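With my numbering as the guide, the letters of the sequence shown map in order to residues 384 to 631.
Step one of this worksheet: look at the structure below.
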Amino acid sequence: MAIDQKLLERDPDRVARMFTEISPRYDLLNRVLSFGQDGVWRRKAVRMARPAGAHRILDLATGTGDLAFEFSRAEGFDGEILGLDFSEEMVCRARRKAAARHLSARIQFRTGDALDIPEPDGWFDIVSIGFGLRNFLDPERGLLEAHRVLAPGGRLVVVDFFRKRENPMMRLYLDQALPRIGRWISRSPSAYHYLRESKKGFLSPDEFVSLLHSVGFQPVVLESLSFGVAHSIVGTKPASRPGPPTAA
Ligand SMILES: C[S@@+](CC[C@H](N)C(=O)[O-])C[C@H]1O[C@@H](n2cnc3c(N)ncnc32)[C@H](O)[C@@H]1O
Numbered sequence: 384m385a386i387d388q389k390l391l392e393r394d395p396d397r398v399a400r401m402f403t404e405i406s407p408r409y410d411l412l413n414r415v416l417s418f419g420q421d422g423v424w425r426r427k428a429v430r431m432a433r434p435a436g437a438h439r440i441l442d443l444a445t446g447t448g449d450l451a452f453e454f455s456r457a458e459g460f461d462g463e464i465l466g467l468d469f470s471e472e473m474v475c476r477a478r479r480k481a482a483a484r485h486l487s488a489r490i491q492f493r494t495g496d497a498l499d500i501p502e503p504d505g506w507f508d509i510v511s512i513g514f515g516l517r518n519f520l521d522p523e524r525g526l527l528e529a530h531r532v533l534a535p536g537g538r539l540v541v542v543d544f545f546r547k548r549e550n551p552m553m554r555l556y557l558d559q560a561l562p563r564i565g566r567w568i569s570r571s572p573s574a575y576h577y578l579r580e581s582k583k584g585f586l587s588p589d590e591f592v593s594l595l596h597s598v599g600f601q602p603v604v605l606e607s608l609s610f611g612v613a614h615s616i617v618g619t620k621p622a623s624r625p626g627p628p629t630a631a
């Protein structure tokens, strides 16, 4: 699978430090840099995951919790949500937001590694990853872990920026404007340069669909968002097949 070697050389401590550094202005940056579209993309991902009737949802790389909060508003879903992130500072911010919204009883935020999920097999009905997979040291391992903790018939939803051919306007925005605005608001010299590079070095949407098939998700449904700026992809962990009939 064509995962850029640079992704595999990524240092998780460095990634966690970078998100800790930008955490105070992370939400604001999302709104500004996506022209307010990030909420629309998360809502679409939630709808595609069909949360009505689910009991437990795991939001990996939850950051400040916006995808988890979006699930908590979904019609027909009144179950529990666990948000996991390896940046303590992002988790603290997510907890504070949950408390302010009186959601602490329903959404728990904990520190933890998406590549080694501290939960039993088959525990969740839905696993989500919003704009996080690109940052994983080993995305394939993250998907295998998501598959392990999903119940048969459970769904994985990923919303992210994938590698794709960009039109000249988009390239200009991503190469010139985004890193400058990102640096100005976040005060981190490198974080939004990293965002650009991580998108370039990531999988294309079609490669990602193949990777989901190869780790055992079937079927996989892909939707392009805002004319292909982002994509939302849902893969289902097949329900276990009934065993062969036993002789009476
Ligand atoms: C771009 S933020 C996404 C946050 C949130 N999901 C959203 O929709 O805004 C990426 C997050 O992934 C987290 N992260 C990256 N690799 C991780 C890993 N292996 N385990 C847990 N969290 C991870 C980072 O700490 C960061 O908070």
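Yeah, the Cβ is synthetic: ideal placement off N, Cα and C, and Gly gets one too.
Note that this is a predicted model, so its numbers are computed, not measured.
Euclidean distance between Cα positions of residue i and residue j
| i | j | result |
| --- | --- | --- |
| residue 546 | residue 587 | 5 Å |
| residue 411 | residue 599 | 36 Å |
| residue 455 | residue 464 | 8 Å |
| residue 621 | residue 570 | 45 Å |
| residue 451 | residue 551 | 34 Å |
| residue 516 | residue 543 | 7 Å |
| residue 406 | residue 603 | 32 Å |
| residue 387 | residue 585 | Per-residue confidence for residue 387 stands at a pLDDT of 43, beneath the threshold of 50, marking its modelled position as unreliable; the derived number appears in the next sentence. Approximately 6 Å, taken between the alpha carbons. |
| residue 591 | residue 501 | 25 Å |
| residue 397 | residue 562 | 18 Å |
| residue 457 | residue 499 | 28 Å |
| residue 574 | residue 609 | 23 Å |
| residue 530 | residue 623 | 13 Å |
| residue 612 | residue 429 | 18 Å |
| residue 565 | residue 537 | 36 Å |
| residue 477 | residue 541 | 19 Å |
| residue 392 | residue 583 | Confidence at residue 392 is low in this model, with a pLDDT of 49, below 50, so its placement is unreliable and the value that follows should be read with caution. Cα to Cα, the separation comes out at about 15 Å. |
First through last residue of the alpha helix (DSSP H) which encompasses residue i
| i | result |
| --- | --- |
| residue 632 | Outside the modelled stretch of the chain, which goes from 384 to 631, sits residue 632, for which no answer is possible. |
| residue 527 | 522–532 |
| residue 458 | Note, residue 458: premise wrong, no alpha helix (DSSP H); not H, not E. |
| residue 402 | 395–405 |
| residue 414 | 409–416 |
Residue range of the beta strand (DSSP E) that includes residue i
| i | result |
| --- | --- |
| residue 500 | Segment: none, residue 500 is in no beta strand (DSSP E) and carries neither H nor E. |
| residue 513 | 507–513 |
| residue 492 | 490–494 |
Problem - At least three beta-carbon pairs within less than 8 Å, the stretch 572–589 to the stretch 464–475 - result: The stretch 572–589 vs the stretch 464–475: no contact.
Practice task
Tell me the start and end of each unbroken beta strand (DSSP E) in the stretch 550–627 that is at least 3 residues and wholly inside, in chain order.
Solution key: Runs of the beta strand (DSSP E) lying entirely within the stretch 550–627 and spanning at least 3 residues, in chain order: 603–608 and 613–619.
Exercise for the section: Report yes or no: do the stretch 483–490 and the stretch 411–424 share at least 3 C-beta pairs separated by less than 8 Å? Expected result: Taking a cut-off of 8 Å for Cβ pairs, the stretch 483–490 and the stretch 411–424 do not touch, as fewer than three such pairs fall below it.
Exercise for the section: Indicate whether the contact test is met: 3 or more Cβ pairs, each with one atom in the stretch 556–565 and one in the stretch 512–528, closer than 8 Å. Expected result: No, because fewer than three Cβ pairs between the stretch 556–565 and the stretch 512–528 fall closer than 8 Å, the two stretches do not touch.
Practice task
Jot down the residue ranges of each uninterrupted alpha helix (DSSP H) in the stretch 429–481, minimum 4 residues, whole runs only, in chain order.
Solution key: As far as the stretch 429–481 is concerned, its whole alpha helix (DSSP H) runs of at least 4 residues are 449–455.
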